[in-house]
Amino acid sequence: MNINHPDRSKLTRFAWLSIAVALLTIGLKTTAYLITNSVGLLSDALESIVNLIGALMALGMLTIAARPADESHTFGHSKAEYFSSGVEGALILVAAISIAYAAIQRLITPEPLEQVGIGIIVSIIASLANFGVALILRRAGKQYNSISLTSNSHHLMTDVWTSGGVLIGVGAVAISGWQVLDPVIAILVALNIVWTGVGIIRKSISGLMDSSLSKEYIDIIHRVLDSQKETEVKFHAIRTRQSGSLKVISMHVLVPGSWTVNRGHQLVTRIENELNRAIEECEVFTHLESLSDPDSFDDVPFTNTGSNPVLPLK
2 MNINHPDRSK LTRFAWLSIA VALLTIGLKT TAYLITNSVG LLSDALESIV NLIGALMALG
62 MLTIAARPAD ESHTFGHSKA EYFSSGVEGA LILVAAISIA YAAIQRLITP EPLEQVGIGI
122 IVSIIASLAN FGVALILRRA GKQYNSISLT SNSHHLMTDV WTSGGVLIGV GAVAISGWQV
182 LDPVIAILVA LNIVWTGVGI IRKSISGLMD SSLSKEYIDI IHRVLDSQKE TEVKFHAIRT
242 RQSGSLKVIS MHVLVPGSWT VNRGHQLVTR IENELNRAIE ECEVFTHLES LSDPDSFDDV
302 PFTNTGSNPV LPLK
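Remember, this note's numbering sits 1 above the position in the sequence shown when you count from 1.
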């Protein structure tokens with residue numbers, strides 16, 4: 002077995018950044034709503050409250066995920082990030098319901114907008130802050146393979162698009178005088194938020210179900226095995242799974258029975274080292290077996306129909 006675990010304790014600084022911008026945007030968007038009396042801007046402010054709760058959840062789960070393995074969690078705590086992502090997805094759905102409810106009430110009882118220009122300027126400032134932080138979190142999520150940061154980035158970017166839609170709606174009301182546009186835009190925003198929330202929840206569930214690695218990583222594994230494969234060597238029972246940021250790979254390496262233990266060990270060590278160099282945060286398990294022993298072929302990979310499919314042999 003070979004393990005590659007970079008230090009992830011510093012990822013919490015991104016969660017703190019998200020918390021700070023959430024507090025800022027809550028203040029700005031609430032101010033915009035109070036100035037304009039726009040239910041669209043109210044929906045925007047409500048989503049920022051969800052952003053804050055999601056960022057706090059991400060901070061907690063990133064802190065737990067950074068803990069080293071212990072006797073009770075021998076594979077570490079990286080899966081904690083999936084809980085953060087799942088909760089954030091659920092909170093997004095709650096925000097969508099709140100927005101839709103407020104919008105329907107405004108459809109039933111229309112109210113005029115006030116001081117639209119000032120409200121729009123305040124909301125634009127908040128949206129620019131969200132956009133900047135969303136880009137930072139997206140880059141960090143990709144770099145550190147963190148589903149918490151990635152989900153938080155998606156949520157903030159959704160907030161940016163939401164704000165854009167709301168601002169268009171508020172501007173249209175100011176120009177046309179059609180008050181109904183304000184709640185209608187808010188309802189469309191709620192539907193868009195639902196789509197994002199469902200996508201985040203599905204990704205979290207997929208991670209908790211130990212889905213296999215993506216095709217990109219599977220191709221890398223095949224390239225490494227092809228580069229290390231000798232004429233008499235075979236591989237089977239190659240399985241992968243994603244556990245938070247950790248990528249787990251296991252395989253059986255079959256070598257001639259005449260090989261010494263030392264020679265076989267050198268081969269699997271090279272394979273483990275090459276996989277660790279090619280794939281960040283990778284944990285590799287190899288099981289050395291003899292080609293001369295018929296029992297070595299008993300563990301035949303199951304077909305790719307389960308939640309954690311094996312790699313097809315080449």
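Just so it is clear, CB atoms sit at the ideal spot from N, CA and C, and this is done for glycine as well.
Three-pair Cβ contact test at 8 Å for the stretch 223-242 versus the stretch 120-129: no
Beta bridge counterpart(s) of residue 243 as assigned by DSSP: According to DSSP, residue pairing for residue 243 in a beta bridge involves 248.
Could you compute how far the alpha carbon of residue 163 sits from the alpha carbon of residue 106? 19 Å
Does the stretch 44-62 come close enough to the stretch 171-179 to have 3 or more Cβ pairs within less than 8 Å? no
Rounded separation between residue 79 and residue 147 - CA only: 9 Å
How would you write the range of the alpha helix (DSSP H) that residue 289 sits in, first residue to last? Looking at the DSSP string, residue 289 is not in any alpha helix (DSSP H); the run it does join, the beta strand (DSSP E), is 283-291.
Which ranges would you report for the alpha helix (DSSP H) in the stretch 75-132 if only whole runs of at least 4 residues count? If only uninterrupted alpha helix (DSSP H) runs of at least 4 residues are considered, those enclosed by the stretch 75-132 are 81-109.
CB of residue 120 within 8 Å of CB of residue 191, strictly: no
Tell me whether residue 308 sits in a helix, a strand or coil according to DSSP, three-state version. For residue 308, the pLDDT reaches just 39, beneath the cut-off of 50, and the residue's location in the model is therefore unreliable, leaving the point undetermined.
What does a CB cutoff of less than 8 Å around residue 286 pick up in its chain, not counting 5 residues either side in sequence? 2, 249, 250, 251 and 252
Thinking C-beta only, is residue 291 closer than 8 Å to residue 205? Not in contact: residue 205 and residue 291 (Cβ atoms no closer than 8 Å).
Compare the beta carbon distance of residue 256 and residue 234 with 8 Å and say whether it is the shorter of the two. Yes.
Could you tell me whether the Cβ atoms of residue 182 and residue 165 are closer together than 8 Å? no
Relative to the C-alpha of residue 43, which candidate in 82, 110 and 100 has its C-alpha closest? Considering only alpha carbons, the answer is 100.
Whose C-beta lies closer than 6 Å to the C-beta of residue 198 among residues of the same chain, with five residues either side of it excluded? 90, 93 and 94
C-alpha gap between residue 239 and residue 279, whole angstroms: 17 Å
Which of the three DSSP states, helix, strand or coil, is assigned to residue 60? helix
Given residue 53 as reference, the closest of 68, 26 and 63 once Cα atoms are compared: That would be 26, whose Cα lies nearest to the Cα of residue 53.
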